Structures are given as C-alpha cells and as structure tokens.
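Here's the structure, in structure tokens; my notes come after.
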Amino acid sequence: MPTPIIRRAGPADAEALSQIGAETFTETFAHLYPPEDLADFLPYAYGLGRTRSDLADPAKAHWLVEAEGRAVGYALAGPCDLPHPEVTPDCGELKRLYLLKAFQGGGAGRQLLEEALAWLQDQGRQGLWIGVWSENHGAQRLYGRLGFEKVGEYGFPVGKTLDREFILRRTAAASA
Ligand SMILES: CC(C)(COP(=O)(O)OP(=O)(O)OC[C@H]1O[C@@H](n2cnc3c(N)ncnc32)[C@H](O)[C@@H]1OP(=O)(O)O)[C@@H](O)C(=O)NCCC(=O)NCCS
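Residue numbers for the sequence shown follow numbering that gives the first Met the number 0, so the first one is 0 and each next one is one higher.
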C-alpha cells in the first residue's frame with residue numbers, strides 16, 4: 000500500500016471532499032439502511048453546498064488523505080454540536096474520520112485523528128468530543144486509546160432510521 004499523504008483541505012477541494020465523504024460513508028455503512036434513507040442522507044450530509052460552506056467556516060477544518068493520485072480519506076473538526084448538557088460553545092468535536100477500506104489499518108486513521116485533535120486544541124477548544132455509532136467497536140477502541148470516554152448517547156438520523164450513537168469526551172487533563 001503506498002504511504003498516504005495527509006494535508007489540510009481548502010476551497011478547491013470541495014468536490015473531492017464531497018465525493019470521498021459519500022463514498023466512504025456508503026462503503027462503511029450503506030448496508031445498515033434502506034436505500035431510501037441513504038438516498039435522503041447522502042446529498043444532505045455530503046452535498047457540495049454544505050461542503051463548501053463548511054470549508055468557508057474558519058471555525059472548522061478538513062483534512063484530506065491522498066494516495067495513488069486521489070482522495071482516499073478525510074477528517075472534519077470544528078465546534079461541538081453534540082446534544083449533551085455539558086457541551087459549551089468552547090468545546091471542540093471531531094465530526095468525521097473516514098478512510099476507504101483499502102487504506103485502513105496502516106496508521107493513517109490515527110495520524111489523521113491526532114492531527115485534527117491537535118488543531119482543535121490549538122484553537123483553544125476546551126474539552127474534545129466525538130460521536131460514534133454504538134456498534135462501531137473498532138473506532139471506539141481507537142478513541143479509547145486516545146483518552147475518550149463515553150459520557151452519553153443520542154439518536155442520529157439517517158433518513159428515517161435513528162442510529163444509537165455514543166457521545167465520547169476527552170477532558171483537557173487527559174493525554175494521548
Ligand atoms: C476509524 C478509522 C479512520 C481508523 O483508521 P485506520 O487507519 O484503520 O486506523 P489505524 O491503522 O491508524 O489504527 C488501527 C486502529 O483503528 C481502530 N479500528 C477502527 N476501525 C477498525 C476496524 N474496522 N477493524 C480494526 N480496527 C479498527 C482500532 O482501534 C485499530 O487498532 P487495533 O488494531 O489496535 O485494534 C478507519 O478504520 C475507518 O475509516 N473506518 C471506517 C469509518 C469509521 O468507522 N469512521 C469512524 C466514524 S466515528
């Protein structure tokens with residue numbers, strides 16, 4: 000497997016991010032949903048308009064993972080939107096972290112995660128948060144090793160399906 004390169008994404012990457020967002024979500028999770036729920040969710044979550052507005056928001060940052068001349072993964076971080084009573088406007092959230100299957104297990108995910116968390120800390124974010132699907136045990140292990148602990152849960156809508164999602168938190172005192 001060629002070594003993937005991680006870099007901050009900018010406005011010119013909107014199409015690549017939109018495409019790799021839909022592709023990785025579909026590859027990872029499509030089997031869980033009726034086709035009509037997926038058809039509702041993909042344009043809502045990964046459409047070009049939303050991607051462009053996220054890229055233009057200085058409180059958010061995207062990273063792209065590239066290999067073989069194309070995007071093979073990405074991450075998105077920003078202010079925390081998770082529904083938990085202790086979330087404040089200062090809190091930061093890792094919002095998305097995805098690699099194509101062919102590029103998983105080689106360390107790029109952890110590197111991407113650490114880069115996004117370091118950026119959130121540099122922004123002065125107090126407390127770091129992540130939402131993760133309750134059955135995504137692999138990602139939960141990775142987050143657990145970096146000091147994240149489950150502090151709540153909520154229902155995440157994908158079309159009409161409501162996923163059970165865990166809310167994880169790392170306090171400022173915890174370290175990797
Ligand atoms: C989560 C993800 C980004 C991790 O990236 P990665 O490059 O595969 O991970 P690394 O090689 O850096 O580290 C390996 C660790 O990832 C975790 N992991 C995540 N998903 C895993 C899976 N399906 N199988 C095995 N380990 C997985 C494990 O903790 C693993 O460590 P371990 O082998 O000691 O148990 C990647 O697996 C991925 O894109 N998964 C699908 C999308 C996803 O679940 N995103 C998280 C949404 S909250």
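We put the beta carbon where it would ideally sit given N, CA and C, even for glycine. For clarity, every value in this text was computed on a predicted model and none was experimentally measured.
For the beta strand (DSSP E) assignment, the uninterrupted runs of no fewer than 3 residues enclosed by the segment 63-140 are, from N- to C-terminal side, 69-78, 91-98 and 127-132. Proximity to I166 across W62, V157 and N135 peaks at N135, based on C-alpha coordinates. Partner residues in the beta bridge of E164, as assigned by DSSP, are W132 and Y153. From the listed residues P82, A66, E26 and A13, the smallest Cα separation to R49 is found for A13. Ligand 1 has a heavy atom closer than 7 Å to the beta-carbon of V131. Rounded to the nearest whole angstrom, the C-alpha separation of V71 and D39 is 24 Å. Between I129 and the set Y142, Q122, E35 and P34, the nearest pair of CA atoms involves Y142. A60 sits in a strand when the DSSP states are folded into three classes.
By the neighbour-count definition (other C-beta atoms within 10 Å, threshold 16), Y97 is a buried residue. Taking C-beta atoms as the reference points, H61 and L119 fail to come closer than 8 Å.
Boundaries of the alpha helix (DSSP H) harbouring F24: A13 to F28, taken from the DSSP string.
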